[in-house]
Amino acid sequence: EAEFLHQFTGPQPGKLFINRGDEGCYAFALHVDFFNPEGMHQHGVTISSGIISMACLNLPLDICYKPENLYLAAGIIPGPKQPSLEKLNHYI
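Here our numbering runs 15 ahead of the position in the sequence shown, where the first position is 1.
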């Protein structure tokens, strides 16, 4: 699993990211997701809120995406519309 992490080089040339010895080195997945807090409607999305979260990829796959192990990186992005990509960068 996660073959790219086993081949990913760290900040020191010739050393892999996962081969850090006693030093803690953590990998995170960043998720950005927008949703309609009022639920789905036939006429489409009217309000959109978002969330930015991170999952620690060092944890076993069966627990790394459980809610208690996720980190809310920027909290909830308020609506009523999704921000542009440029504005979203300020949250990240």
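Where a beta carbon is used, it is the ideal one built from N, C-alpha and C, also for glycine.
- In this structure MET69 touches ALA88 by the C-beta definition: roughly 5 Å separates them, less than 8 Å.
- Judged by DSSP secondary structure, CYS71 falls within the beta strand (DSSP E) whose first and last residues are 64-71.
- Between GLU101 and HIS46, the alpha-carbon positions lie close to 17 Å from each other.
- For GLU53, the CB contacts under 8 Å within the same chain, skipping 5 residues up- and downstream, are THR61 and ILE62 in chain order.
- In the structure shown, TYR41 adopts coil according to DSSP, grouped into three states.
- ILE78: member of the alpha helix (DSSP H) spanning 76-79, first to last residue.
- In chain order, PHE49 and SER63 place their CB closer than 6 Å to the CB of GLN97, counting only its own chain and leaving out the 5 sequence neighbours on each side.
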